Amino acid sequence: MAAVDHPPDHRVHLPAAVPPQRTHPGSRQVSATPTRHRFAHEVVDFDAPAAITTRAELDAEVERLRSDVPAAVIENERPLRTVHALTQWNVRACAERPADPAAADASEFAPVTLPHSTEDAYLHFRAVTVPSDAAWAERAVLRVVRPDYEAVVYVDGRAAGRRRGYLGTLEVEIDARRARQIDIVIRRARDRYRWSGESEGENFGDAHGKGLGSVVADAVTAGAALDAVELELRPPVHLAYVAADARADGTADVAIEVGGAEKATEGLSLVVTVTTADGDVVARQRHVVAGTRTSVALSAAGITPWSPVAPVLYRLTVQVWSGDELVDEIRRPMGFRTFERAADGSLSLNGAPVLLRGTTTIGCVWDASREGRDEDVIRQLLIVKALFGNVLRVHVAVPPARVFELADRVGVMIYQDGPFQWHCFASREAELDEELLQVEELARTVAGHPSVVVVSVPNEMHMKVPFHDADVAFVERAAEVLREQAPGAVHLQDWSGGTRPRALPQAVHDYPGYFYATTGALTGVFDDPANEQVDPGVRAIVSEYGGGVVPSWEAMRRTQDAHARRGETITLPPTEDGRWTAEASLYEMTGEMVRTHQRVIGWRDSFAEYHRVSGEAQSRVLTRQTGRMRRDRRHVSGVIHHYLQNPGDVMYNPWVDLHVIDNAGELTGGFSALRDALRPVSLEVTGLPNRAYGRSSLNPEIWVCNDLPAEIAVDLEWTARTEAGEVVAAETVAARLGAGSAVAVATPEIVLPAVDEAGAIVLTARLRIEGRAWVEAAESVQVHPAAPVWEGDVDVLGDLDGFVERAGAWMPRLRPYAADNAHPVVVTPDVALTAEVIHELRSATEHGRIVVLLERRPGDDLGWIGKHIELAVTGDQPVEVANVELSMRDSGLTTDDLSRWATPDGRVLTNPLMGIDRRGTPAWARCGHGLQMSAIQEASRLGGLVLVCQLLVWSTLSDEPMAARVLQALLAAPYRPI
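Count along the sequence shown from 1, add 5, and you get the number used in our numbering.
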């Protein structure tokens, strides 16, 4: 394999836009002529490819969508000002703050071009000469744009200005004709704080947040960063701030701040004009300046509201006049739109109901926007549209304003996280002004952008630590800042937890979906009756959910190279067909990734197999999680996947990557599944087990979710076929779906044929809208012959009649429990483990008998094992995998056999078998409900064996072929303790 050619700065650069292609390779085009039906802010695009599974197909779709981006561009302009960008700087890295920056020797510096980032604690920039000529006035403004996290400016050796924060601009007045040396010292956000409570750990970031803002040396990180420095000559009286809160009815309030008003010799007035891109005036208002901040009310006639399908922008021009003299002018784009949240949590855009669907950026637009690569940012935004998404969540950082400007233009809504994560204000109860100033800077950055519809503050305030009074004060005061400075967005508090005080409505995260998907089981934030995070009857945006995946071989090679540059070792096989293991000697991040996937998808013989099978698992997770939440209209007003693309070669998460595009630009297995799940009209088959016995009757459901703000007519055709193509059952259903609805359009009844050997039935569903093909979905079920007969004697303690009904056909020698034999003992779930029963069973094991307790929790045992002990049974994992006490590998059962079980009430468990995390916590304790259990636990005493079975063997013994296999494996001895 050829070596990876990295850019000099080792950052992952987004793939450049490709030339337009006439065809979509590997995709089926529904129509050769444009056919798109618009429904307010949604569109049914029949020209979209049926599937996107490769990078080439994605590139082609992005180019097709690029033709929808409006050609007329309205930019931010300051026509009466002179601006000179200072791009050539010298820089040195420092471990400590320089005591006397101006005295540093020039030999310590190296040339650099802005923007520039580093992971070093301090950066010291120097410009030795400042370009100036007779056109420059004595007083110019030095604008230091987005220094992260703290910046101090020195002019000819004297400190001239300082600021702290993630996203603002430091402005310093200087004498541009006389200044000879400018030093700027940037300190990264790396101060350490500790908190105590239920958990304890370090928090990096002065303002108690991640402060991520760049891809630095291969990693997504908080670093010392500087975007730009410029000298600006501005009039003594000038416009300091302009933002419009413009609504869909044509009304608007334009917030204007005038700097230097006290220097005016005549009365000041403002002229505010709104024009189309072609220059037609739709509104104009003159207003007398009466103070530093002014709000000008406008009313425009005949406007087109902004929406994702029609991102119509207008030009806002604000002029400040001193008498008859025009002294300053600012032009910027604006859009009219109204985004609202009702008391029940439902959302609307321009008066029409909307469900947010989309994904998250954790950095894949940052550097492109900082470096002026607009086309790369537009490409990422168009990928959101290619996924049928309407929103992009910006996580743990505030990008340059250019991202919002381009989102305005492209038509992608933005959910903007607050600049803070977690909390640690206990030691700063009287010192919240800097944090609140950053919230204000955030609000002023996003204000006036029609794309920014949601702002959350704080982000992920969910640590298992009690809130301090200062934390509550911060949230309440931050909410007031948002209401004042960014009135056009919905303001949320992002997943604070059920016990946290709330000053704002709450968005929630669905973390269990990162790895597992259990349709209908209690794994999500909305399902747990004891969960206090969601108010009864109130819908919430799910702002994070996802599914892990093993990246492509090329991505992992890049990751290996990146970590090697840091002195860290990641072991990969020589080729992608080689064995990939999770021994403790491996680098922690990849070792944990391999272990996680071994627990979810089982042992695989090669890296390539892990990559392939994990992609299939990610597809299932994203399909089920997205569908589960979209169907739950009582609770959900938005589904936002986490996250779009891995922007750095160094792994962001130590356990698993959640992206649908990896750091090599390749699509993961879940990309196409997420795309289908996010369609404005989506289709999903639920309730179909992975396995069933021949002659079984199955009743899956076929759901259609309609996010369009209008009723539509659909036709659903489903067919169940054998592998040989024989039709087992089929039906065509016509239905009308209400706006914003989720309906089980069909409930097929499928009687499986009797078989002598395992085969498969494939259920295919096809949906047509207005007579045109739209989407299809397929699910298969393995059809098994009757279970093999177990000839051994088995004693049953408990429900013998129920056992005979469930398994008597293949376990003919079931009998009541007796103490005077050596037969294995099976204890049914109805038996209470009283002291008398425990004494009897212990006595049985002392005489060498096997005791199997069915459907018990880990602590529900004979007093020999408990929740604190790391015990689990694996299907096909090898001996060297950590945290395993008992292996059923000799049984022939695989992880595939122990996944996707049907429950007695018709639900399907994607992963009823899970492993243990490295903290020793049983997976059932992490994932929630008893239906999704780790596996089986054992303890040896004398000559006997006790097996605590957590799988749904008893409940599904009649219907699940693998339940019989597991039970027979449990009754077989000996086992192999590890």
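No residue lacks a Cβ here, since even glycine has one placed at the ideal position from N, Cα and C.
Everything numeric in this text was worked out from a predicted model, so none of it was measured.
Out of Ala288, Leu975, Val242, point me to the one whose CA is closest to Lys268's CA. Val242
Which two residues bound the contiguous alpha helix (DSSP H) that contains Asp806? 805-812
Can the beta-carbon of Val788 be found closer than 8 Å to that of Gly674? no
Going by other Cβ atoms of all chains shown within 10 Å of its Cβ, with 16 needed for buried, is Gly853 buried or exposed? exposed
Straight-line Cα distance separating Tyr127 from Trp779: 55 Å
Does the segment 706-726 come close enough to the segment 682-694 to have 3 or more Cβ pairs within less than 8 Å? yes
Going by beta-carbon coordinates alone, are Asp499 and Asp422 separated by less than 8 Å? yes
Strictly by DSSP, which residues pair up with His89? Leu236
Extent of the continuous alpha helix (DSSP H) run through Pro116: Pro116 -> not in any alpha helix (DSSP H); beta strand (DSSP E) instead, spanning 115-118.
Count the other CB atoms within 10 Å of the CB of Ser548; is the residue buried (16 or more) or exposed (fewer)? buried
Closer than 6 Å by C-beta to Ala977: which residues in its own chain qualify, once you throw out the five before and the five after it? Chain order, please. none
For Ala782 and Thr299, the rounded distance between their alpha carbons: 56 Å
Which listed residue (Asp329, Val78, Leu397) has its alpha carbon closest to that of Gly284: Val78
Taking the alpha carbon of Ile774 as the point to measure from, which residue in Leu273, Glu722, Pro652 has its own alpha carbon closest? Glu722
Whether or not the segment 691-708 and the segment 60-71 are in contact is what I'm after, with contact meaning three or more pairs of Cβ atoms, one per stretch, closer than 8 Å; do they touch? no
Does DSSP put Gln186 in a helix, a strand or coil? coil
Start-to-end residues for the beta strand (DSSP E) that takes in Thr727: 717-727
Report buried or exposed for Gly643, applying the criterion of at least 16 other Cβ atoms within 10 angstroms of its Cβ. buried
Alpha carbon of Arg488 to alpha carbon of Glu446, nearest angstrom: 13 Å
Cβ shell of Ala968 (< 6 Å), same chain only, five flanking positions each side left out: Val958, Thr961, Leu962
Got a sec? Which residues, its chain only, sit under 7 Å from Leu859 by beta carbon, not counting five neighbours each side? Val831, Val832, Thr833, Pro834, Cys954, Val958, Trp959
Identify every run of the beta strand (DSSP E) within the segment 273-319, keeping only runs that are complete inside it and at least 3 residues long; order them along the chain. 273-280, 286-293, 298-304
Within 10 Å of its beta-carbon, does Pro120 have 16 or more other beta-carbons around it, so buried, or fewer, so exposed? buried
According to DSSP, which residues form a beta bridge with Gly363? Val396, Ile645
Using the C-alpha atoms, what's the distance from Glu80 back to Thr87? 17 Å
Taking 8 Å as the threshold, find out whether the segment 324-342 comes into contact with the segment 363-370 through three or more Cβ pairs. no
Reduced DSSP secondary structure (H/G/I, E/B, other) of Phe344: strand
Own chain residues within Cβ distance below 7 Å of Val809, not counting five before or after: Leu819
Out of His46, His292, Ile191, Tyr319, point me to the one whose CA is closest to Ala251's CA. Tyr319
Grouping DSSP H, G and I as helix and E and B as strand, with all else coil, what is Asp180? strand
For Phe51, three-class secondary structure by DSSP: coil
What are the start and end residues of the beta strand (DSSP E) that includes Pro966? Careful: Pro966 lies outside any beta strand (DSSP E), inside the alpha helix (DSSP H) at 966-976.
If Thr123 and Ala98 are in contact, beta carbons under 8 Å, what's the gap, nearest whole angstrom? 6 Å
Best match in Gly350, Glu330, Ala357 for proximity to Thr343 [C-alpha to C-alpha]: Ala357
Given Gln26, which residues of its chain have a CB within under 7 Å of its CB, disregarding the five upstream and five downstream residues? With a pLDDT of 31 at Gln26, under the threshold of 50, the predicted position of this residue should be treated as unreliable, and no value is reported.
Nearest-angstrom Cα separation, counted from Pro817 out to Gln973: 13 Å
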